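Chemist: Here the sequence shown is numbered in this note's numbering, starting from 30 and rising by one per residue.
Glycine is no exception: its CB is placed at the ideal position from the N, C-alpha and C atoms.
Computed from a prediction, not measured in an experiment: that's the story for all the values here.
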Amino acid sequence: MNTFSLGECRVTILPVIKGLVSEYAKVTDAITDEYDCVAVALGLEEIEAIKHMDGEAVEDYEPSKLDSVYGYHLKQFGEIDVPVPAFKAVIDRCASMGIEPMPLDMCDEEFTQVYCDCVSTYDLLKENKILKKSMKTTFDLSSPEAFVKQWDSLINKIKGQYAVSLRREEYMARQLTDLAKYRKNVLAVIECDRVDGVLIELGIE
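1) Measure the CB-CB distance between R223 and R197 and report whether it falls below 8 Å.
2) Taking only three categories from DSSP, how would you classify S27?
3) Looking at L49: is its Cβ nearer than 8 Å to the Cβ of L103?
4) Does the separation of the CB atoms of V45 and A115 fall below 8 Å?
5) Indicate the three-state DSSP secondary structure (helix, strand or coil) for I233 in the structure shown.
6) For A68, which beta-bridge partners are listed by DSSP?
7) Rounding to the nearest angstrom, what Cα-Cα distance links G107 and S34 in this structure?
8) How big is the Cα-Cα spacing for A70 and C136?
9) Hey, how far is the Cα of K162 from the Cα of K155?
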């Protein structure tokens, strides 16, 4: 965890691995009543979708090529699932406590606009090449975190994808800054590959 102050607010960022089932328990245990706000790296529509997702919806889910290859490598660390277990834990735990999780990420419309602005046809072609290359890449498998950060570095070789990542980090940092203006103790659950960027945007070393 990363704990720091934003003005009069104490902020704790909990880095998580997207996809790993084992992260569910970690997040559930981390969310306690010491926090007066729990925020998560999801948009508002994503939060609502997870709340109402049933077994049939999960069965109908078709991952992107990017997510499929990521999952192929990640499963070496344990069972994987959708929706993201770490984020599902936020929704479930907050529901059991009678509180609403706060969205840190963009709404669907804004993200779509950012993606269209940043990702070109060339980027999509390069993505296919990188995904094929990744199937032969020797990744650092010393820990899930090491793998995810190496994977992120590989994907960020795609100019458009890197730009989208930066925009998300900027947005989440702004959201945290806004939350800190009227909250005293915030827990933010964010995928580990975006945490460093968010901290940089916040000016936290």
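Modeler: The relevant details are as follows:
1) Yes, these two residues count as a Cβ contact at 8 Å.
2) With the chain represented from 30 up to 234, any question about residue 27 goes unanswered, as that position is not in the structure.
3) Their beta carbons are under 8 Å apart, which means L49 touches L103 by this criterion.
4) Going by C-beta atoms, V45 is nearer than 8 Å to A115.
5) Coil, per DSSP.
6) DSSP, once it has assigned bridges, lists M131 and A217 as partnering A68.
7) Those two C-alpha atoms are separated by around 34 Å.
8) C-alpha separation (whole angstroms): 11 Å.
9) C-alpha separation (whole angstroms): 11 Å.
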